[in-house]
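Enquirer: Here the sequence shown stands for residues 1 to 102, numbered as in UniProt numbering. My structure is below; once you've seen it, I'll send some questions.
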Amino acid sequence: MADECRHAGDIKDVTPSALGCEECLKSGSQWVHLRLCRTCGHVGCCDDSPNRHATKHFHATRHPIIEGYDPPEGWGWCYVDEVFLDLGDRTTPQNGPIPRFY
Numbered sequence: 001m002a003d004e005c006r007h008a009g010d011i012k013d014v015t016p017s018a019l020g021c022e023e024c025l026k027s028g029s030q031w032v033h034l035r036l037c038r039t040c041g042h043v044g045c046c047d048d049s050p051n052r053h054a055t056k057h058f059h060a061t062r063h064p065i066i067e068g069y070d071p072p073e074g075w076g077w078c079y080v081d082e083v084f085l086d087l088g089d090r091t092t093p094q095n096g097p098i099p100r101f102y
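Structure follows, in structure tokens:
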């Protein structure tokens, strides 16, 4: 699938910014699933979550690729090209236990 994504070559190895959605942890909000920005390491909540912080991060930064991150699920998503990517062995390990809110 990477052939369909112009941004697959820009995937970086990153350090996660938080042990959960960065903004939800600060505000006390809940999330459903986590997404990790593969440009800068921002951890945000998915679009099924009330605040959709991962997508908001994309709109603010234009960082194109996220990783399914709780636990690392082996896939990425490119917001720009709207395609899934198989990350294979390039998943990002968690820095510790992730709290659950659902």
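Cβ coordinates follow ideal geometry from the N, Cα and C atoms, glycine included.
Please report the distance separating the alpha-carbon of residue 135 from that of T55.
Expert: With the chain covering only 1 through 102, there is no way to say anything about residue 135.
Enquirer: Assuming G20 contacts V43 under a Cβ cut-off of 8 angstroms, what Cβ separation, rounded to an integer in Å, is found between them?
Expert: Confirmed, Cβ separation roughly 7 angstroms.
Enquirer: Using only the alpha-carbon positions, how far apart do A2 and S29 sit?
Expert: With a pLDDT of only 46 at A2, under the threshold of 50, the placement of this residue in the model should not be trusted; the figure read from the coordinates follows. Between A2 and S29, the C-alpha separation is close to 34 angstroms.
Enquirer: Note down the Cα distance separating C5 from W77, rounded to an integer number of angstroms.
Expert: Spanning the two alpha carbons is a distance of roughly 9 angstroms.
Enquirer: Under 8 angstroms between the Cβ atoms of P64 and Y79?
Expert: Cβ distance < 8 angstroms, so P64 and Y79 count as in contact.
Enquirer: Look at the Cβ atom of R35, then the Cβ atom of I66, and state whether they are nearer than 8 angstroms.
Expert: Against a cut-off of 8 angstroms, the Cβ pair of I66 and R35 comes out as a contact.
Enquirer: Smallest Cα separation from T61: which of A8, C40 and P71?
Expert: It is C40.
Enquirer: Could you spell out where the beta strand (DSSP E) holding C24 opens and where it closes?
Expert: Run containing C24: none in the beta strand (DSSP E); it sits in the alpha helix (DSSP H), E22 to S27.
Enquirer: Using a Cβ-Cβ cut-off of 6 angstroms (strictly less than) and excluding sequence neighbours within five positions of G9, which residues of its own chain qualify?
Expert: Here the set comprises nothing.
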